[in-house]
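**Student:** Sending over a structure as structure tokens; questions will come in a sec.
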Amino acid sequence: PADWALYTDTAYHFSVRYPSDWEFKLKNTNTRFFITSYNENEADKFRENINCIVRVMDDKAFTIKMAEDAIKKSLSEKLQDYQLLRTEYLTWNNSETLEIEYTCTQTANDITYSIHMLQRMGVVKGTLFTLTYTAEQKSFSKYIDTVKKVLQSLKVK
């Protein structure tokens, strides 16, 4: 869309588009960016967000299928009230990519949130890209179409 902004990462050679009314923040070496939705109103305490973690793989033969069981086990052990909703393999940036959707609860500032997450993980040219959409359960579907456009827009050069 024309009213979207473009970010180009020169270290890991990718670009991503995102809604210009969402807040874009550069993070640290591994977490490349953090995009947050706008506040819906003054009472909105949770901002839906997308983050991108990038890691160059030492093992150039590594595939996401090799890590699927370990990823699911880690999520089930680390997240409170974890519930796997679906897993799916798709092609993204000409690479096999795992998409996982799940719910859990998280507490921040003495508020417990019901969270709905969508993660897309793929190894492109020896680099693991993990994109995570985090939303309150009640707002997940409100932003999912926009989020899918953001995820699809990430292009590795």
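Just so we're aligned, residue 1 is where the sequence shown starts under my numbering, counting upward by one. Beta carbons: idealized from backbone N, C-alpha and C, even for Gly.
Within the continuous beta strand (DSSP E) that includes Asp69, where are the two ends?
**Tutor:** First-last for Asp69: 64-78, but that is the alpha helix (DSSP H), not the beta strand (DSSP E).
**Student:** Pick helix, strand or coil for Lys138, following the three-state DSSP scheme.
**Tutor:** helix
**Student:** Using C-beta distances below 8 Å, list every residue in its chain close to Thr63, excluding the 5 sequence neighbours before and after it, in chain order.
**Tutor:** Glu96, Val123
**Student:** Expressed to the nearest angstrom, what Euclidean distance is found between the alpha-carbon atoms of Glu88 and Gln137?
**Tutor:** 20 Å
**Student:** Taking 7 Å as the limit between beta carbons, can you name the residues of its chain near Lys149, skipping five residues before and five after?
**Tutor:** Counting only residues of its own chain and dropping the five nearest sequence neighbours on each side, Lys149 has no CB closer than 7 Å to any other CB.
**Student:** Return the Cβ separation of Phe33 and Tyr7 in integer angstroms, given the expectation that the two are a contact with Cβ distance under 8 Å.
**Tutor:** Separation of the CB atoms of Phe33 and Tyr7 is rounded to 6 Å, and the pair is thereby assigned contact status at 8 Å.
**Student:** Taking just the CA atoms, how far does Glu23 sit from Asn39?
**Tutor:** Their Cα atoms are separated by approximately 10 Å.
**Student:** What residue range is occupied by the uninterrupted beta strand (DSSP E) comprising Lys25?
**Tutor:** 23-26
**Student:** Can you tell me which of Phe46, Ile50, Lys157 puts its alpha carbon nearest to the alpha carbon of Ile144?
**Tutor:** Ile50
**Student:** Along the chain, where does the beta strand (DSSP E) containing Phe34 start, and where does it finish?
**Tutor:** 31-36
**Student:** Just the C-alpha distance for Ser114 and Thr105, rounded to the nearest angstrom, thanks.
**Tutor:** 5 Å
**Student:** Bridge partners of Arg47, per DSSP?
**Tutor:** DSSP lists no partner for Arg47.
**Student:** Among Ile100, Ser15, Asn94, whose alpha-carbon lies nearest the alpha-carbon of Lys73?
**Tutor:** Ile100
**Student:** Check the C-beta distance from Leu154 over to Val16 and give it rounded, since I have them as a contact under 8 Å.
**Tutor:** Yes, Leu154 and Val16 are in contact; Cβ-Cβ is about 4 Å, under 8 Å.
**Student:** According to DSSP, simplified to helix, strand and coil, what is Leu154?
**Tutor:** coil
**Student:** Sort Phe140, Gln152, Asp110 by Cα distance to Arg120 and report the nearest one.
**Tutor:** For Arg120, the nearest C-alpha among the options comes from Gln152.
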